[in-house]
Every structure is written in structure tokens, then in C-alpha cells.
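Some notes on the structure that comes next.
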Amino acid sequence: NLTTYIDKSGKKYALTKALFLEKSLHKVGTYLNASTLKALAHIPMLGILNTLNTENSVLKQIGVPENFTIIAINRVRIREPKEVDEIFDKFRGRGYIYGINAARQQMEIPFMIR
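So, in C-alpha cells, the structure goes:
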């Protein structure tokens, strides 16, 4: 379901953000630290050997179109990926994800966080 997908995505982001967003990939020190080793230990959970189609199959099951981009959660604008975690922590319970698809059509998807 969507809640599981979002939780899993948050864990993937938390494991990989230091490596891909906060460090230089061309420096050796990037690969020789605790956060990178922790991410490597979780390779099966990261799903890097799966296709994106497989990883995102839950989105198709609930009717989310391809190329869907989250622009707001409960009418709060999203500017950075880390804000998604913060907003979900703040809005426990029912809510709505607002986004646009490739054709720039806006869409509202209800969700529930326990």
C-alpha cells in the first residue's frame, strides 16, 4: 500500500542522502565512511537490482500515473525531498498528496499514516 511504499522510500532516502546529496562522488573519502558502509549493507532493501517499474508497481496499483511529481502534501509546498519526511511526521493520520503528471495535470491522492 501507499503507506508502506512511502515508509520504504523514506528509509532509502535516509540511507543514501549522505552519499549522493551531501558528498562529492569523486573523492575517496566519500566511500570510506560509516554512512556509505551502512547503505551498502542494505543493498537488498534499496532495490537497486530491480527495475523502476517493479519498485514503483504499488503506485500503479493505487492509480498514480507515470511521471507523477509530488508538489504538495496537505497543501504544504514541497521544495526538497527531506521535507516529505518532515511533513509526514507532522501530519499523522489522513491526508492528501498533491502532484502533477507528465501532462501537467494536477492530481490529489488520499493517504493515511499510522
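The end of the sequence shown is residue 120 by my numbering, with every number in the run present.
For every residue, glycine included, the Cβ atom is placed at its ideal position computed from N, Cα and C.
Contact between the stretch 48-65 and the stretch 10-20 is present, with at least three C-beta pairs closer than 8 Å. In the three-state scheme derived from DSSP, where H, G and I count as helix and E and B as strand, G105 is classed as strand. DSSP places L31 in the coil class of the three-state scheme, outside both helix and strand. Under the 8 Å Cβ criterion, the stretch 28-37 does not count as touching the stretch 50-57, having fewer than three qualifying pairs.
For I49, the enclosing alpha helix (DSSP H) stretches over residues I49 to L52. In the DSSP assignment, N59 falls within the unbroken alpha helix (DSSP H) covering L58 to E61. Shown here, Y11 sits in a helix according to DSSP, grouped into three states.
Rounded to whole angstroms, the gap between the alpha carbons of R85 and L38 is 30 Å.
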